[in-house]
Amino acid sequence: MFHTKIMRRLLIVAPLAITAMLGATPISAAEPKAGGTLNTTSSGYRTLNPAVQSGAATGIPGSQIFAGLVLIDENYKASPYLAESWTISDDNLTYSFKLVEGAKFHDGQPITSEDVAFSLETVKANHPFGKAMFSNVATVETPDASTAVFRLSAPIPGLLLSMEPLLLPIIPKHVYGDGQDLKKHPRNMENVVGSGPFKVAENTPAEKLVLVKNEDFFIEGRPYLDKLVFSIVKDSLTRVLMMEKGEIDYVGFSGIRATDAGRLEKTGRLTVTTEGYGAVGYIHYLELNLRDKPFSDLKVREALAHAIDTSFIAKILFGGRVDAGTGPLHTGSVFYSGDVPSFEADLDKAAALLDEAGYPVGANDERFSFTLDIPSWAKQAHGPMGEYIQSQLGKIGIKVELRQAPDFGTWVKRISSFDYQATMNGSFNYPDPVIGVHRHFDCDNIRNVIWSNTQGYCDPAMDALLDAAAIETDLDKRKATYAEIQRKAVEDLIFIYMPQDFTATVYSDKVGNPPSSVFGPLAPWHEVYLKD
Numbered sequence: 021m022f023h024t025k026i027m028r029r030l031l032i033v034a035p036l037a038i039t040a041m042l043g044a045t046p047i048s049a050a051e052p053k054a055g056g057t058l059n060t061t062s063s064g065y066r067t068l069n070p071a072v073q074s075g076a077a078t079g080i081p082g083s084q085i086f087a088g089l090v091l092i093d094e095n096y097k098a099s100p101y102l103a104e105s106w107t108i109s110d111d112n113l114t115y116s117f118k119l120v121e122g123a124k125f126h127d128g129q130p131i132t133s134e135d136v137a138f139s140l141e142t143v144k145a146n147h148p149f150g151k152a153m154f155s156n157v158a159t160v161e162t163p164d165a166s167t168a169v170f171r172l173s174a175p176i177p178g179l180l181l182s183m184e185p186l187l188l189p190i191i192p193k194h195v196y197g198d199g200q201d202l203k204k205h206p207r208n209m210e211n212v213v214g215s216g217p218f219k220v221a222e223n224t225p226a227e228k229l230v231l232v233k234n235e236d237f238f239i240e241g242r243p244y245l246d247k248l249v250f251s252i253v254k255d256s257l258t259r260v261l262m263m264e265k266g267e268i269d270y271v272g273f274s275g276i277r278a279t280d281a282g283r284l285e286k287t288g289r290l291t292v293t294t295e296g297y298g299a300v301g302y303i304h305y306l307e308l309n310l311r312d313k314p315f316s317d318l319k320v321r322e323a324l325a326h327a328i329d330t331s332f333i334a335k336i337l338f339g340g341r342v343d344a345g346t347g348p349l350h351t352g353s354v355f356y357s358g359d360v361p362s363f364e365a366d367l368d369k370a371a372a373l374l375d376e377a378g379y380p381v382g383a384n385d386e387r388f389s390f391t392l393d394i395p396s397w398a399k400q401a402h403g404p405m406g407e408y409i410q411s412q413l414g415k416i417g418i419k420v421e422l423r424q425a426p427d428f429g430t431w432v433k434r435i436s437s438f439d440y441q442a443t444m445n446g447s448f449n450y451p452d453p454v455i456g457v458h459r460h461f462d463c464d465n466i467r468n469v470i471w472s473n474t475q476g477y478c479d480p481a482m483d484a485l486l487d488a489a490a491i492e493t494d495l496d497k498r499k500a501t502y503a504e505i506q507r508k509a510v511e512d513l514i515f516i517y518m519p520q521d522f523t524a525t526v527y528s529d530k531v532g533n534p535p536s537s538v539f540g541p542l543a544p545w546h547e548v549y550l551k552d
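For the sequence shown, the working numbering begins at 21 and goes up steadily by one.
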């Protein structure tokens, strides 16, 4: 027997009411106006389909092209989107969603419950952490075209949080259900058919992506904007200069250095904010391939942890604008715990641990050497951190060769094929640890997929903790279990955690309703407008 825990209908009401409902920034007396082109940037992307690729490069445009069942507001509450209402059973094992009547894909075909079921299975099988999000979804029943019923084998406390467009985009079964490899499907980049507020008009990956208003969007009067233009700008300094010149109106995950924030604010027409990233929880870490020596040895990893002073990095490289970071959960997470082992900066102790591990200084003053891969993305963070690590480890006889990836694809191929020794890396926690944290530690998630368990960590004791946390519906008990997970992750030195990221959005004073839910720029921009 169902009872209604959540039953809200998306009404077409005054703009201010819609804004409050969806968690966007409150506006002044002036009402939003329709029309105009919003200029933004991207560092580049391999696919526009977030069902098969995680990360901001795909997620930002993907959330404009594809709709999800719900939106998550600034308080982590779910609001109606493609699902106009839903019910949840008392045992938390059945979720029944009613789709918005008359919703269509960009090619005019109706969006049905069959598409919802197909999208769920696509994400579950192909997304880097689809299994972590949806492994307990046993079936999706489709009793009629507008009703999708999720049957769970065990509770998923964060299920609604996983139904934003970013994480469960509703893709067309009639396009993608043709038997081709979903990750390599040509329609991920050509003739893309979505379900969201904007349609792909031009896709030139090396130059720009142009999205235009979906006139048949299922929310009447939205989106406000006529067009979004994503210029491909890989260099962060070039991006800063474009912002100063007024060539960019809005850019999330701007990639600016902490030291650039004041420079942009001094223009008097640009806002720099770190708000709107609560659901992201972007953390940096040094990832080591744990399959082979020397990094399979815990004492070697302990030595590295003592050699790297993360507080120094936070203060000097990030201008003191970020936390040093202590483990796998971002300090902004409701499940964060600082009760973890600490590794004080101590080069003498690091050297002693290496001696104990059987890596003495050799005749050439070296203990061993390794290659540290530097990703092509977030260069403003990964580059300086890599150089610092190279310098510090050199002081204790470890030679580090920095290898800069020429592009995102090259780096992804190296890491996802396990053909690396170490890499600077970073990932999102997402709003529930099941989504963004479990993927790195679960034995079953050691896959040739980026941002999965690529480092090769496996411990049944950790799996048991993850499994318990994934289905625990009591908040206090979940917090206690995640505290254990954080302690174990740091004890085992699965990663060596770096300072948290300086993640900032920059936008001009002519932008109204900049996205400010906990997903920030990764949420749909259908409420954004340009002021007079």
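Glycine residues also receive a C-beta, built at the ideal position from the N, C-alpha and C atoms. Remember, predicted model here, so these are calculated numbers, not experimental data.
| Check | Outcome |
| --- | --- |
| Out of Gly-417, Val-300, Gln-410, which has the shortest C-alpha to C-alpha gap to Tyr-96? | Val-300 |
| Which same chain residues, not among the five before or five after Val-342, have their C-beta less than 6 Å away from its C-beta? | Ala-334, Pro-519, Gln-520, Phe-522 |
| Can you tell me where the alpha helix (DSSP H) holding Ala-158 begins and where it ends? | Taken as a continuous stretch (DSSP letters only), Ala-158 belongs to no alpha helix (DSSP H), being part of the beta strand (DSSP E) at 157-164. |
| Can you give me the Cβ contacts of Phe-22 inside the same chain, cut-off strictly under 6 Å, excluding the 5 residues immediately before and after it? | In this prediction, Phe-22 scores a pLDDT of 34, lower than 50, which makes its location untrustworthy; the coordinate-derived value is nonetheless stated afterwards. Thr-107, Ser-109. |
| Is Phe-363 helix, strand or coil by DSSP? | coil |
| Which runs of the alpha helix (DSSP H) fall wholly inside the stretch 216-247 and span at least 4 residues, in chain order? | none |
| What's the C-alpha gap between His-194 and Asn-223? | 22 Å |
| Applying the 10 Å Cβ sphere with the 16-neighbour rule, what's the burial state of Arg-289? | exposed |
| Determine the DSSP secondary structure at Val-274, reduced to helix, strand or coil. | Note on residue identity: the sequence assigns Ser, not Val, to residue 274. Reduced to three states, the DSSP call for Ser-274 is coil. |
| So does the stretch 169-177 actually touch the stretch 111-124, counting three or more Cβ pairs closer than 8 Å? | yes |
| Using a Cβ-Cβ cut-off of 6 Å (strictly less than) and excluding sequence neighbours within five positions of Ala-370, which residues of its own chain qualify? | Ala-323, His-326, Ala-327, Ile-416 |
| Between the C-alpha atoms of Pro-100 and Leu-186, what's the straight-line distance to the nearest angstrom? | 15 Å |
| Using three-state DSSP, classify Asn-465 as helix, strand or coil. | helix |
| Please classify Pro-426 as buried or exposed, where buried requires at least 16 neighbouring CB atoms within 10 angstroms. | exposed |
| Leaving out the 5 sequence neighbours to the left and right, which residues in its chain are closer than 6 Å to Thr-2 when beta-carbon positions are compared? | Nothing about residue 2 can be read from this structure; the chain reaches only from 21 to 552. |
| Could you tell me if the beta carbon of Leu-188 falls within a distance shorter than 7 Å of some heavy atom in the ligand HEM? | The model on display carries no ligand, and the ligand HEM is accordingly not part of it. |
| In the structure shown, what three-state DSSP assignment does Arg-259 receive? | helix |
| Using DSSP with H/G/I as helix, E/B as strand and the rest coil, what is Val-253? | coil |
| Just mark Gln-506 as buried or exposed, buried being the case when its beta carbon has 16 or more other beta carbons within 10 Å. | buried |
| Suppose the cutoff is 7 Å on Cβ atoms and the five residues either side in sequence are ignored; what does the same chain contact list for Ala-401 look like? | His-304, Asp-521 |
| Can you list, in chain order, the residues of its chain with a C-beta nearer than 8 Å to that of Glu-227? Leave out the 5 residues immediately preceding and following it. | Ser-251, Ile-252 |
| Within a Cβ cutoff of 7 Å, which residues of the same chain sit near Thr-279, ignoring the five residues on either side of it in sequence? | Gly-339 |
| Check this for me: beta carbons of Leu-248 and Leu-58, under 8 Å apart or not? | yes |
| Which of the three DSSP states, helix, strand or coil, is assigned to Asn-59? | strand |
| Using the rule of at least 16 other Cβ atoms within 10 Å of the residue's Cβ for burial, across every protein chain shown, is Gln-84 buried or exposed? | buried |
| Hey, Phe-428 and Ser-396 are a contact pair by Cβ (cut 8 Å); roughly how many whole angstroms apart? | 5 Å |
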